[in-house]
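Since the structure comes first, as C-alpha cells, the remarks are kept for the end.
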Amino acid sequence: MRIFVTGGSGLLGNTILRQLAVTPHSSAYMIRRGTGDEVFEGIDADAFHGDLSDCDLIDQATQWADVVIHSAGLIHLGWKRMEESMRVNAEGTRNLVNACLKNGCRLLLIGTVNTLAVGSRDQAADETTPLNHAGGQVECSYVVSKRAGVAEVEEGIKQGLQAVLLHPGFMLGPWDWKPSSGRMMLEVGRSWKPIAPRGGCSVCDSRDVADAIISAIDAEIPNGRSYVLAGHNVTYYQLWTEMGQRFGRTKPIMPAGPLQRVLGATAGDFISRFSRGEPDINSASVAMSSQFHWYDSTRAQTELGYRNRPMSETLDDAADWIRSRFH
1 MRIFVTGGSG LLGNTILRQL AVTPHSSAYM IRRGTGDEVF EGIDADAFHG
51 DLSDCDLIDQ ATQWADVVIH SAGLIHLGWK RMEESMRVNA EGTRNLVNAC
101 LKNGCRLLLI GTVNTLAVGS RDQAADETTP LNHAGGQVEC SYVVSKRAGV
151 AEVEEGIKQG LQAVLLHPGF MLGPWDWKPS SGRMMLEVGR SWKPIAPRGG
201 CSVCDSRDVA DAIISAIDAE IPNGRSYVLA GHNVTYYQLW TEMGQRFGRT
251 KPIMPAGPLQ RVLGATAGDF ISRFSRGEPD INSASVAMSS QFHWYDSTRA
301 QTELGYRNRP MSETLDDAAD WIRSRFH
C-alpha cells in the first residue's frame, strides 16, 4: 500500500518513515519549508512540500495514498498559543479528514494519552477510563487542541471515514531531530536538577510505537478503535535519576513539594503576563507534571502486537542520540 506520513520531521513520524522502509509499503511524507535535508537522509520516500493548511497539497497527497498516518502536531504545555495550537492540531486534522473522505483514504490519527483520562498512583488509565478520573487532564492549549483534533476524526467517522486513533505515551528514542520529548533528557544531561517534578509518566520507545502503528495498517480492527501506546510507568524522580546517570549527573534531591510547585507556577505565569511567550515552567506544565500519567496498553498488546523493550535500552539509545546531536 501507499502510505502518506505527516509530521515526518518529528521523532515519531521520522521513525515511522524509517521503519516503513523495510516493509512492502511505499511511503511519502509532508515536508515544510526550512526543514533540513539531513532529517530525511537515508529515507527512500516521495516528498510533498507544504503544510496542513495547504488543502490542495493534502488533496494531491490523499489522491496518491491508500493510508494517511497523521503524526504532525504542535506541542505547547501552557495557556498561551491556543489559536496556533487549534490551527495545527484541530483545523489541520479537519483538512486531512475532509481529504480522506473525498479520496477514500484510511486515516491513522496519532493522538496522545493527554486526550484520554489521566492515571493515578493506584490505577493506570486505559481507553475506557472515565475522563474525570484522578481530577482529569489539565485543559491547557495542547490538551484542548488535541482533543479537538480527535473530535474532528470522530465526526469524520460518522460520515464514513475509515480511521484508527493511536495514543502514545512519553516517547524517547533516536531520530529526535528538534529535539521534542528528548529535550527533557537534554536539559537533565546539561546540568544537575535538584528538584524533579512530583508526578510520573509512561515511558515508551518511539521505535516500538512506530511498529504498532505500522501493524495497524493491515490489522483487521473495528473502525474508530482507539489504542493506548504507553510503556513503563515511572515517576519523574525515577526518570530524571536514570537520565542523569547517563550523563554523569547526580540524582535529584527530591520531587517537588507544594512550596516549589507554587513558586514555579507563580513565577512562570508572572513572566508570561509581561512577555509574548510563555516559560516552560508555568502553572499548566507544573500541574501536568504533578499528575501520574500512567497507562495500561493491554488492548494494543493484544490486538496490535505492541511490545515495550526494556526502558534501559530506550534511555541508552536516546542518550547516545542526544550526545551525538546536541552535546
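With UniProt numbering applied, the sequence shown covers 1 to 327.
The C-beta atom is built at its ideal place from N, Cα and C for all residues, glycine as well.
In this structure, DSSP gives F326 a helical state, which the three-state scheme calls helix. Within the same chain, Cβ atoms closer than 7 Å to the Cβ of M243 are found at M185, V188, G189, L315, the five residues on either side in sequence being excluded.
With a threshold of 16 other beta carbon atoms within 10 Å, W192 falls short and is exposed. For M171, the beta-bridge partners assigned by DSSP are C204.
If you look at F4, you'll find it in the beta strand (DSSP E) that goes 2–6. Closest in alpha carbon position to A65, among A151, F48, V234, is F48. Residues of the same chain with a CB within less than 8 Å of the CB of L107, apart from the 5 flanking positions on each side, are V67, V68, H70, L96, V97, C100, V153, G156, L161, Q162, A163, V164 in chain order. Taking every protein chain shown into account, the CB of H327 has fewer than 16 other CB atoms within 10 angstroms, so this residue is exposed. Look at V67 here: in three-state DSSP terms it is strand. DSSP places V88 in no beta strand (DSSP E); its state is neither H nor E. Residue burial is scored here from C-beta neighbours: S275 has fewer than 16 other C-beta atoms within 10 angstroms and is therefore classed as exposed. Looking at the DSSP output, F292 bridges to G200.
Here L263 is actually not in contact with I213; their C-beta atoms are around 40 Å apart, not less than 8 Å.
A straight line joining the alpha-carbon of S289 with that of P310 spans about 23 Å.
Comparing C-alpha distances from N14 to each of A230, R325, A210, R2 shows the shortest one belongs to A210.
The DSSP-derived three-state label of V22 is coil.
For Y236, the uninterrupted alpha helix (DSSP H) segment begins and ends at 236–245. In this structure D205 is buried. Its beta-carbon is surrounded by 16 or more other beta-carbon atoms within 10 angstroms. Under the three-state reduction of DSSP, H232 is assigned to strand. Here H133 carries a helix assignment [DSSP, helix/strand/coil]. For D269, the enclosing alpha helix (DSSP H) covers residues 258–273. A straight line joining the alpha-carbon of T129 with that of V234 spans about 19 Å. The beta carbons of E303 and A230 sit about 15 Å from each other, so the pair does not count as a contact at 8 Å. The C-beta separation of G169 from C201 comes to about 7 Å, placing the pair in contact by the 8 Å criterion. With 16 or more other Cβ atoms from the protein chains shown falling within 10 Å of its own Cβ, E127 counts as buried. By the neighbour-count criterion, in which a residue is buried when 16 or more other Cβ atoms sit within 10 angstroms of its Cβ, C105 is buried.
Here DSSP, grouped into helix, strand and coil, assigns V138 to coil. In this structure, D44 sits away from P174, with a CB-CB distance that is not shorter than 9 Å. Sequence-distant Cβ neighbours of G92 in its own chain, meaning closer than 6 Å and more than five residues away, are L52. In this chain, the beta strand (DSSP E) harbouring R106 covers 106–110.
Apart from sequence neighbours up to five positions away, the residues of its chain that approach N114 with a beta-carbon distance below 7 Å are Q137, Y142, V143, K146, ordered along the chain. In terms of Cα proximity to S215, the closest of K251, L11, H133, Q301 is Q301. Membership of A219 in any alpha helix (DSSP H) is not indicated, and neither H nor E is assigned to it by DSSP.
Looking at the backbone, the Cα of G50 and that of R94 are separated by about 16 Å.
Between A72 and the set T266, G149, I217, the nearest pair of CA atoms involves G149.
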